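S.K.:
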Amino acid sequence: MSTDDNSTKNEYPRPYLTADVIALGLGEGGDLSVLLIKRGRDPYKDHWAIPGGFCEPHESVEEAGARELEEETELSGLLLEQLGVYSTPGRDPRGWVVSVAFIGLVPSHRFGEARGSDDASDAKWWPIARRPGQTPPFELQRDGEKTGPLAFDHDQMIAAALKRIHKESDRYALGLLPEQFTETSLREAFEAVLGEPLEKEVLIRVLTERKLIQGAGEVAGERLFTRAPASS
Numbered sequence: 000m001s002t003d004d005n006s007t008k009n010e011y012p013r014p015y016l017t018a019d020v021i022a023l024g025l026g027e028g029g030d031l032s033v034l035l036i037k038r039g040r041d042p043y044k045d046h047w048a049i050p051g052g053f054c055e056p057h058e059s060v061e062e063a064g065a066r067e068l069e070e071e072t073e074l075s076g077l078l079l080e081q082l083g084v085y086s087t088p089g090r091d092p093r094g095w096v097v098s099v100a101f102i103g104l105v106p107s108h109r110f111g112e113a114r115g116s117d118d119a120s121d122a123k124w125w126p127i128a129r130r131p132g133q134t135p136p137f138e139l140q141r142d143g144e145k146t147g148p149l150a151f152d153h154d155q156m157i158a159a160a161l162k163r164i165h166k167e168s169d170r171y172a173l174g175l176l177p178e179q180f181t182e183t184s185l186r187e188a189f190e191a192v193l194g195e196p197l198e199k200e201v202l203i204r205v206l207t208e209r210k211l212i213q214g215a216g217e218v219a220g221e222r223l224f225t226r227a228p229a230s231s
């Protein structure tokens with residue numbers, strides 16, 4: 000292998016780099032939902048897709064993901080966690096494109112901030128209905144409308160995100176909640192992340208014993224909780 004810098008630059012082709020953000024939140028009724036944008040240009044014009052785009056030379060992939068999310072949905076300030084790298088040849092009809100996917104949690108009080116902008120003609124939250132054993136293992140539908148096939152390999156990214164949050168349910172469920180939350184909201188968040196019904200009192204007892212939540216009073220006849228301070 001040549002060690003000459005100029006020779007290396009000319010000899011080896013380089014892929015384009017993109018960042019995509021799977022933004023997850025809790026909709027009305029506690030449904031786990033994913034934020035999608037409708038693409039306003041080719042490829043996949045008018046298809047629903049995860050917010051994202053190309054990384055600029057002066058920014059990291061994390062910065063690119065945050066920028067694209069804000070440009071396309073007006074959501075900003077989310078903590079992004081890397082999910083995985085997607086590099087299957089032919090995944091993008093524009094050429095050799097490698098994508099780094101991130102998960103971003105949108106607390107319930109910020110759920111209504113998202114709206115389509117830039118090259119996204121629309122942005123909507125889509126409730127996620129799990130479909131184990133199917134490909135993909137979920138369905139996205141709201142008000143009788145279905146997304147249809149998603150752009151690129153974004154169905155694979157969402158499927159991977161669902162596996163991640165299920166595996167680390169405590170962190171992700173609590174991350175979907177505001178600073179203070181009711182006992183009902185707590186149960187809904189964990190049910191949404193795990194995809195199964197839970198006994199509220201058992202859940203509260205377990206989380207309290209593990210020092211993940213603590214009481215914060217009452218409101219309208221419901222107990223209030225906050226996240227417990229991290230132990231030193």
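Residues in the sequence shown are numbered consecutively from 0, following numbering that gives the first Met the number 0.
Note that CB positions come from ideal geometry on N, CA and C, so glycine has one too.
Only a predicted model underlies this, so the values are computations on that prediction, with no experimental measurement involved.
Please classify residue 204 as buried or exposed, where buried requires at least 16 other C-beta atoms within 10 Å of its C-beta.
M.R.: Start at 1 with the first residue of the sequence shown, and residue 204 comes out as number 205. Per the 10 Å Cβ criterion, exposed.
S.K.: Bridge partners for residue 233 per DSSP, in chain order?
M.R.: Outside the displayed span of the chain (0 to 231) sits residue 233, for which this structure offers no information.
S.K.: Could you tell me how far apart the beta carbons of residue 164 and residue 100 are, in whole angstroms, since I believe they sit closer than 8 Å?
M.R.: Taking the first residue of the sequence shown as 1, we reach residue 164 at position 165. Taking the first residue of the sequence shown as 1, we reach residue 100 at position 101. Between residue 100 and residue 164 the Cβ distance is about 13 Å, and since that is not below 8 Å, they are no contact.
S.K.: What does DSSP give as the partner residues of residue 226 in its beta bridges?
M.R.: By one-based count along the sequence shown, residue 226 stands at place 227. Beta-bridge pairing links residue 226 to 212.
S.K.: What separation, rounded to the nearest whole angstrom, lies between the Cα atoms of residue 201 and residue 209?
M.R.: On the sequence shown, residue 201 is found 202 positions in, with the first residue counted as 1. On the sequence shown, residue 209 is found 210 positions in, with the first residue counted as 1. Cα-Cα distance, rounded: 12 Å.
S.K.: Kindly indicate which three-state DSSP category residue 120 falls into: helix, strand or coil?
M.R.: Here residue 120 refers to the residue found at position 121 when the sequence shown is read from its first residue. Correct three-state label for residue 120: strand.
S.K.: If the criterion is Cβ atoms closer than 8 Å, does the pair residue 183 and residue 221 meet it?
M.R.: In the sequence shown, counting from the first residue as 1, residue 183 sits at position 184. In the sequence shown, counting from the first residue as 1, residue 221 sits at position 222. Yes, the pair counts as a contact, with Cβ atoms nearer than the cut-off.
S.K.: Got a sec? Which residues, its chain only, sit under 8 Å from residue 168 by beta carbon, not counting five neighbours each side?
M.R.: For this step, residue 168 is matched to residue 169 along the sequence shown. Closer than 8 Å at the Cβ level, and outside the excluded window around residue 168, lie 189, 192, 193.
S.K.: Enumerate in chain order the residues of its own chain whose CB-to-CB distance from residue 64 is below 6 Å, with the five nearest sequence positions on each side excluded.
M.R.: Residue mapping note: residue 64 aligns to position 65 of the sequence shown, counting from 1. Closer than 6 Å at the Cβ level, and outside the excluded window around residue 64, lie 18, 20, 79, 101.
S.K.: Across the region 45-52 and the region 133-153, are there enough close Cβ pairs to call them in contact, namely three or more that are closer than 8 Å?
M.R.: Contact between the region 45-52 and the region 133-153 is present, because at least three Cβ pairs lie under 8 Å.
S.K.: Taking the beta strand (DSSP E) that residue 138 falls in, what are its first and last residues?
M.R.: Counted from its first residue, the sequence shown places residue 138 at position 139. Segment 137-141, the beta strand (DSSP E) holding residue 138.
S.K.: Three-state secondary structure (DSSP) at residue 80?
M.R.: On the sequence shown, position 81 is the one that residue 80 refers to. Strand at residue 80.
S.K.: Distance, Cα to Cα, residue 181 vs residue 195?
M.R.: Walking along the sequence shown from the start, residue 181 turns up at place 182. Walking along the sequence shown from the start, residue 195 turns up at place 196. C-alpha separation (whole angstroms): 19 Å.
S.K.: Following the continuous alpha helix (DSSP H) through residue 219, name the residue where it begins and the one where it ends.
M.R.: Stepping through the sequence shown from its first residue, residue 219 is reached at position 220. Run containing residue 219: none; DSSP gives neither H nor E here.
S.K.: Between which residues of its own chain and residue 236 is the CB-CB distance below 7 Å, once the five residues before and five after are set aside?
M.R.: Outside the shown range of the chain, which is 0 to 231, sits residue 236, and nothing can be said about it.
S.K.: Chain D beta carbons: is any one of them nearer than 8 Å to that of residue 45?
M.R.: Within the model displayed, chain D is absent; a lone protein chain is all it includes.
S.K.: If you reduce the DSSP assignment to three classes, tell me which class residue 0 lands in.
M.R.: Within the sequence shown, the letter at position 1 stands for residue 0. Because the pLDDT at residue 0 is just 48, under 50, the model does not fix this residue reliably, and the value given afterwards should be weighed accordingly. Residue 0: coil per DSSP, three-state reduction.
S.K.: Distance check for residue 60 and residue 89, CA to CA, integer angstroms please.
M.R.: Position 90 of the sequence shown holds residue 89. Position 61 of the sequence shown holds residue 60. If you take the alpha carbons of residue 89 and residue 60, they lie about 21 Å apart.
S.K.: Hey, quick one: how far does the alpha helix (DSSP H) through residue 72 stretch, first residue to last?
M.R.: As a first step, residue 72 must be located in the sequence shown, where it is residue number 73. Element bounds for residue 72: 60-72.
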